[in-house]
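Structure first, then comments.
2 protein chains.
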Amino acid sequence: MREIFQQDLEQVGNDLVLMAQKVRSAVTDATVALETGDLALAEQVIAKDREIDSLQDGLDAQCVTLLARQQPVATDLRVVVVGLRLSATLERMGDLARHVAEIARGRMPEQALPEQARGVFADMAAAVRTVADDVVALLEGHSLELAYRVMEDDERLDDLHKETFRLMLAPSADTSSLTPQELVDITLLGRYFERFGDHGVAVARRILFLVTGEEAVKSGIR
Amino acid sequence: MREIFQQDLEQVGNDLVLMAQKVRSAVTDATVALETGDLALAEQVIAKDREIDSLQDGLDAQCVTLLARQQPVATDLRVVVVGLRLSATLERMGDLARHVAEIARGRMPEQALPEQARGVFADMAAAVRTVADDVVALLEGHSLELAYRVMEDDERLDDLHKETFRLMLAPSADTSSLTPQELVDITLLGRYFERFGDHGVAVARRILFLVTGEEAVKSGIR
Numbered sequence: 001m002r003e004i005f006q007q008d009l010e011q012v013g014n015d016l017v018l019m020a021q022k023v024r025s026a027v028t029d030a031t032v033a034l035e036t037g038d039l040a041l042a043e044q045v046i047a048k049d050r051e052i053d054s055l056q057d058g059l060d061a062q063c064v065t066l067l068a069r070q071q072p073v074a075t076d077l078r079v080v081v082v083g084l085r086l087s088a089t090l091e092r093m094g095d096l097a098r099h100v101a102e103i104a105r106g107r108m109p110e111q112a113l114p115e116q117a118r119g120v121f122a123d124m125a126a127a128v129r130t131v132a133d134d135v136v137a138l139l140e141g142h143s144l145e146l147a148y149r150v151m152e153d154d155e156r157l158d159d160l161h162k163e164t165f166r167l168m169l170a171p172s173a174d175t176s177s178l179t180p181q182e183l184v185d186i187t188l189l190g191r192y193f194e195r196f197g198d199h200g201v202a203v204a205r206r207i208l209f210l211v212t213g214e215e216a217v218k219s220g221i222r
Numbered sequence: 001m002r003e004i005f006q007q008d009l010e011q012v013g014n015d016l017v018l019m020a021q022k023v024r025s026a027v028t029d030a031t032v033a034l035e036t037g038d039l040a041l042a043e044q045v046i047a048k049d050r051e052i053d054s055l056q057d058g059l060d061a062q063c064v065t066l067l068a069r070q071q072p073v074a075t076d077l078r079v080v081v082v083g084l085r086l087s088a089t090l091e092r093m094g095d096l097a098r099h100v101a102e103i104a105r106g107r108m109p110e111q112a113l114p115e116q117a118r119g120v121f122a123d124m125a126a127a128v129r130t131v132a133d134d135v136v137a138l139l140e141g142h143s144l145e146l147a148y149r150v151m152e153d154d155e156r157l158d159d160l161h162k163e164t165f166r167l168m169l170a171p172s173a174d175t176s177s178l179t180p181q182e183l184v185d186i187t188l189l190g191r192y193f194e195r196f197g198d199h200g201v202a203v204a205r206r207i208l209f210l211v212t213g214e215e216a217v218k219s220g221i222r
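Line order of the protein sequences matches chains F and V.
Numbering (the UniProt record's numbering) for the first sequence: 1 to 222.
Numbering (the UniProt record's numbering) for the second sequence: 1 to 222.
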């Protein structure tokens with residue numbers, strides 16, 4: 001019985017890694033679709049979000065079953081509780097990648113982003129891809145060092161998010177040339193990327209809890 | 001022992017109701033602050049979000065302790081698992097109310113919303129206040145009928161959200177008079193209200209799970 005339980009716990013960990021890998025593919029492909037106007041790629045991200053959703057459903061059911069049948073305590077209990085919470089976080093990250101792909105698809109064959117916004121969004125895209133890589137690594141390795149770095153790195157995304165507002169609102173020639181559709185898209189895309197980063201921080205906080213049993217120092221992120 | 005456990009479970013339910021009541025106050029006050037430009041009220045919503053956050057922390061700790069010490073099964077287990085999930089959902093609803101208050105505060109002494117957007121946002125505000133009322137009632141009474149109605153009612157918020165885009169993007173005299181700041185604010189506020197409704201649906205789905213032990217039929221909302 002005990003051995004089966006350890007296998008079940010490992011399965012929770014493996015499923016989280018699998019979800020995180022799918023989220024990484026989704027957000028990578030979504031940012032590429034946004035930058036290149038690749039319709040097929042955008043469609044693929046949108047379609048594949050269901051795989052992430054159904055992984056979450058399976059993981060949640062598995063965690064509830066584990067709680068009911070095995071009544072885990074201590075570290076084992078933390079694995080299950082964190083599994084429940086992280087599955088929800090990863091599912092949201094998948095949704096956000098899908099939302100980016102939906103905006104990309106909605107403007108094709110044009111690119112959603114106007115010329116003057118492409119620089120900051122290239123930086124944001126690089127930052128969220130790093131977050132996605134880090135989340136996979138966090139779930140694979142449970143590194144505290146990496147967890148702290150992810151929390152710190154989030155400031156970069158927040159700064160870039162602020163830059164998108166400056167781009168839209170600063171009184172300059174650049175701004176006045178933005179159409180309402182472009183302003184709406186920049187606002188939503190900036191928000192999606194910023195939220196993706198927040199969820200990365202939430203993963204880092206959960207890993208800290210998993211490893212140490214302590215909640216991370218509050219940083220405005222849950 | 002058994003009796004103490006029932007008290008603990010009741011406490012989880014009571015804390016969820018308390019969180020939901022605070023969320024209802026927050027979103028009601030935030031929409032009033034948005035409509036009236038009441039700075040003190042906006043500040044209050046922003047400050048009080050911490051109370052919701054700390055209720056979440058307490059509730060989560062309580063649920064984990066219950067799982068560890070009491071090893072609940074069947075309905076009792078569902079109460080604890082749903083408690084963990086709903087505390088996160090309610091915390092996000094509080095954040096969204098805070099975000100609305102932050103936008104309201106940021107534009108004062110002006111009103112954030114331009115004249116031509118006030119009608120649709122008055123309707124959205126009424127809809128989210130209904131969601132907030134329903135969430136309190138759901139947590140108090142666990143009514144399946146109400147849970148289904150909340151899921152259906154969310155279409156109204158989605159329709160109003162689409163209307164905000166029409167308002168911004170339809171080629172008309174109204175649109176061209178919107179400033180970049182107004183376009184950004186309308187985009188974000190529409191998104192916040194729509195997400196608030198989504199979280200209301202998530203609460204309804206959790207209540208269905210709590211009462212029936214079955215996940216609600218998927219409706220794109222988790």
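Where a beta carbon is used, it is the ideal one built from N, C-alpha and C, also for glycine.
Residue i, enclosing alpha helix (DSSP H) - first and last residue
{"i": "methionine 168 (chain V)", "result": "144–169"}
{"i": "glutamate 115 (chain F)", "result": "115–141"}
{"i": "threonine 212 (chain F)", "result": "180–212"}
{"i": "methionine 93 (chain V)", "result": "74–107"}
{"i": "glutamate 51 (chain V)", "result": "39–70"}
Expected contact under 8 Å - CB spacing of residue i and residue j to nearest Å
{"i": "isoleucine 52 (chain V)", "j": "leucine 189 (chain V)", "result": "With 8 Å as the limit, isoleucine 52 (chain V) and leucine 189 (chain V) do not qualify as a contact, their Cβ atoms being about 20 Å apart."}
{"i": "alanine 42 (chain V)", "j": "valine 135 (chain V)", "result": "No, alanine 42 (chain V) and valine 135 (chain V) are not in contact; Cβ-Cβ is about 22 Å, not under 8 Å."}
{"i": "alanine 101 (chain F)", "j": "glutamate 35 (chain F)", "result": "Rounded, the Cβ-Cβ distance is 12 Å, inconsistent with contact."}
{"i": "residue 239 (chain V)", "j": "glycine 213 (chain V)", "result": "Lying outside 1 to 222, the shown extent of chain V, residue 239 (chain V) is not represented and no answer is given."}
{"i": "alanine 112 (chain V)", "j": "aspartate 185 (chain V)", "result": "5 Å"}
Short Cβ contact (8 Å threshold) for residue i with residue j
{"i": "aspartate 153 (chain V)", "j": "arginine 24 (chain V)", "result": "no"}
{"i": "valine 79 (chain F)", "j": "valine 12 (chain F)", "result": "yes"}
{"i": "valine 211 (chain F)", "j": "leucine 144 (chain F)", "result": "yes"}
{"i": "proline 180 (chain F)", "j": "methionine 151 (chain V)", "result": "no"}
{"i": "alanine 97 (chain V)", "j": "alanine 30 (chain V)", "result": "yes"}
{"i": "leucine 138 (chain F)", "j": "leucine 146 (chain F)", "result": "yes"}
{"i": "residue 228 (chain F)", "j": "threonine 187 (chain V)", "result": "The question about residue 228 (chain F) has no answer, for chain F in this structure spans 1 to 222."}
{"i": "lysine 22 (chain F)", "j": "glycine 119 (chain F)", "result": "no"}
{"i": "alanine 26 (chain F)", "j": "aspartate 49 (chain F)", "result": "yes"}
{"i": "proline 114 (chain F)", "j": "leucine 178 (chain F)", "result": "yes"}
{"i": "arginine 206 (chain V)", "j": "arginine 92 (chain V)", "result": "no"}
{"i": "leucine 77 (chain V)", "j": "valine 81 (chain F)", "result": "no"}
{"i": "arginine 105 (chain F)", "j": "isoleucine 46 (chain F)", "result": "yes"}
{"i": "leucine 157 (chain V)", "j": "glutamate 182 (chain V)", "result": "no"}
{"i": "threonine 89 (chain F)", "j": "histidine 199 (chain F)", "result": "yes"}
{"i": "glycine 37 (chain V)", "j": "leucine 59 (chain V)", "result": "no"}
{"i": "serine 87 (chain F)", "j": "leucine 16 (chain F)", "result": "yes"}
{"i": "arginine 191 (chain V)", "j": "arginine 191 (chain F)", "result": "yes"}
{"i": "glycine 5 (chain V)", "j": "glutamine 62 (chain V)", "result": "A quick correction: the sequence has phenylalanine, not glycine, at residue 5 (chain V). No, Cβ-Cβ distance for phenylalanine 5 (chain V) and glutamine 62 (chain V) is not below 8 Å."}
| field | Short-range partners of chain F found in the region 111–125 of chain V, where Cβ spacing is below 8 Å | value | none
| said: Please list, in chain order, the residues of the UniProt domain "PhoU" (122–207) of chain V that have any C-beta partner in chain F closer than 8 Å. | reply: Phe165, Met168, Leu169, Thr175, Leu178, Pro180, Gln181, Leu183, Val184, Thr187, Leu188 and Arg191
| task | Anything in the region 56–71 of chain V with a Cβ closer than 9 Å to a Cβ of chain F? List those residues in chain order, please. | result | Gln56, Asp57, Asp60, Ala61, Cys63, Val64, Leu67, Ala68, Arg69 and Gln71
| said: Closer than 9 Å between beta carbons: that is the criterion. Which residues of the region 73–85 of chain F meet it against chain V? | reply: Val73, Ala74, Leu77, Arg78, Val80, Val81, Leu84 and Arg85
| task | Taking a Cβ distance cut-off of 8 Å, strictly less, list which residues of the region 96–109 of chain V are near chain F, in chain order. | result | For the region 96–109 of chain V, no residue has a beta-carbon sitting nearer than 8 Å to a beta-carbon of chain F.
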